[in-house]
Each structure stands twice: as structure tokens, then as C-alpha cells.
Amino acid sequence: MGPPGSGKGTRAKIIGKMYDIPVITTGDMLREAVSEGTELGKQAEGYMKKGELVRDDIVIGIVEERMGKSDLDRGFILDGFPRSVRQAEALDRILNKLETMIDTVLYIDAKPETILERLSLRRSCSNCGAIYHLIYKPPENEGACNECGGELFHRDDDREEIILHRFEVYEKQTYPILERYENRGKVQRMDGEINIDEISDEVERILGPP
Ligand code: AMP
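Those letters in the sequence shown? Residues 199 to 408, per the working numbering, in order.
So this is what it looks like as C-alpha cells:
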């Protein structure tokens, strides 16, 4: 968990690789549906453009379907879910059904100034979802992903007025669920200001050796 631009996606991908576990990223799943023009994408697009949360029932549906697959036995990481009280309640229900539970909630702390700068310089791969920063992690070839050669783009919702609205949405709808996990003693804080090459050490300190 963490505000928009705090580095959830970057960390989730690093953790997924380190521990060789699937990463379930609702933002990427929704963006994919939008670019493929599926029914789900059509329903989600308007909310995403405005920086609003996509309707709970839609997001819960895609997560539930994804978590029904058989590749999660060795663990998984959720990135960008849950983001509301209803989603957190649904997650408890889904996990109960799977007879498993969340070990750790990683909460990423970052200053608003850092986030605004980071998001305006962020570029994402339209093919594999890899994330770049034009100054701190530039692609080797301008506009192209190092991993798959896919085209890099600046997300519509990474523009200043939408970012500010995403912050408000985060504070109102998502931040309150942190308390739920704090009461269960699950929350570990991560420093959202550190450099990308320091992240895996911090992860290992918190989650233990892969
Ligand atoms: P992200 O890539 O995580 O920043 O998500 C981008 C956008 O996708 C958000 O601003 C929401 O519109 C939508 N989204 C992603 N995850 C969720 C979620 N769990 N609940 C509702 N909307 C979501």
C-alpha cells in the first residue's frame, strides 16, 4: 500500500522476481482491458481517466477470478488492491475461501513533492508494464522498453491535476484500510524515498531471504 506514485508497482515487480511469485496488479489488469477494448475495459476507462477508483464490484470480480488460478500456492503479491473498505472485506472473504492469509502489508511512505516529480517523469511499457523514470531509470533506447522493446507511454492519469485528485481519493478511500491491517499487526513500513538499487536490500530486511 501507499499513495499513488510511492513506488508500489516498482517494488511489487522487484519482489515478484526476488521470490519468484506472481504479482497481481489491478492497475495493469485494468489498463490492459482498456487497451484491448473489452467490456471490462469500457466500464473501467472513465473512472481511470478521472483518477477515480473503478467500481468495487468490478475490481473485486477481476481479483477473485485471478486468485482462483492455480499458480498462487507458493505465495503472491497484491499490488494496488485492496483500495477501499469493501475491497478489504472482499479480500478477507477470498483469502478465507482459499484457506490462506496475508503475511505482510508493506506500506510505502513518500513525500508528495517526490511523488509529483516521479509521476511526471514516469514512463510505462505498453506491452509488459515495466516502469521507467526519465532521469533515474531511463530506457536504453528512447521510447522503447529495455525488457521487451514495447513502446513507452506517459499514463493519462500521471498528469498533475489528475495526480492531485488521485491523492485525495487515496486519503479518503484507501488510507483508512491501513488501520485494519495495523490492528492485525501486519504493517511494515518502507521508505519511498530510497533509490531503486537499494530496494531489494530493504525488501530482504523486511521479508527475509528469498
Ligand atoms: P495504479 O496503476 O495502481 O495507480 O491504478 C491506476 C488506476 O486504476 C487507479 O487510479 C484506479 O482508477 C484504477 N485501479 C487500480 N486498482 C484499483 C482498485 N483496487 N480499485 C479501484 N480502482 C483501481
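Think of the CB as a built atom: it goes at the ideal place given N, C-alpha and C, for glycine as much as any other residue.
Should residue i go down as buried or exposed, given a rule of 16 or more other Cβ atoms within 10 Å for buried?
{"i": "I392", "result": "exposed"}
{"i": "R382", "result": "exposed"}
{"i": "F351", "result": "exposed"}
{"i": "P374", "result": "exposed"}
{"i": "C323", "result": "buried"}
{"i": "G390", "result": "buried"}
{"i": "R272", "result": "exposed"}
{"i": "R246", "result": "For clarity, residue 246 is Met in the given sequence; the question names Arg instead. Buried: at least 16 other Cβ atoms inside 10 Å."}
{"i": "M227", "result": "buried"}
{"i": "C343", "result": "buried"}
Residue i and residue j: beta carbons closer than 8 Å?
{"i": "L317", "j": "D356", "result": "yes"}
{"i": "A335", "j": "D277", "result": "Per the sequence shown, residue 335 should be read as Lys rather than Ala. In this structure, D277 does not lie closer than 8 Å to K335 by Cβ."}
{"i": "I313", "j": "S204", "result": "yes"}
{"i": "V232", "j": "G239", "result": "yes"}
{"i": "G249", "j": "I360", "result": "yes"}
{"i": "I275", "j": "A210", "result": "yes"}
{"i": "I433", "j": "A286", "result": "Residue 433 lies beyond the range of the chain shown here (199 to 408); nothing can be said about it."}
{"i": "F279", "j": "V252", "result": "no"}
{"i": "I166", "j": "I333", "result": "As displayed, the chain neither begins before 199 nor continues past 408, which places residue 166 out of reach and without an answer."}
{"i": "A242", "j": "I256", "result": "yes"}
{"i": "P202", "j": "Y330", "result": "no"}
{"i": "G341", "j": "N325", "result": "no"}
{"i": "T372", "j": "S282", "result": "yes"}
{"i": "Y254", "j": "R229", "result": "In the sequence as displayed, the identity of residue 254 is Asp instead of Tyr. No, Cβ-Cβ distance for D254 and R229 is not below 8 Å."}
Taking contact to mean at least 3 C-beta pairs separated by less than 8 Å, is the segment 386-397 in contact with the segment 295-305? yes
The segment 400-407 in contact with the segment 207-220 per 3-pair CB rule at 8 Å: yes
Quick one: any contact between the segment 255-270 and the segment 371-384, if contact means 3 or more CB pairs under 8 Å? With the cut-off at 8 Å, the segment 255-270 and the segment 371-384 do not touch.
Entirely within the segment 262-317 and at least 4 residues each: give me those alpha helix (DSSP H) ranges in chain order. 283-295
Could I get the ranges of all uninterrupted alpha helix (DSSP H) runs contained in the segment 201-266, with 4 residues as the minimum, in chain order? Fully enclosed alpha helix (DSSP H) runs of 4 or longer: 206-217, 224-234, 237-248, 254-265.
Pick out the complete alpha helix (DSSP H) segments inside the segment 343-407, 4 residues or longer, and give them in chain order. 358-367, 374-381, 397-405
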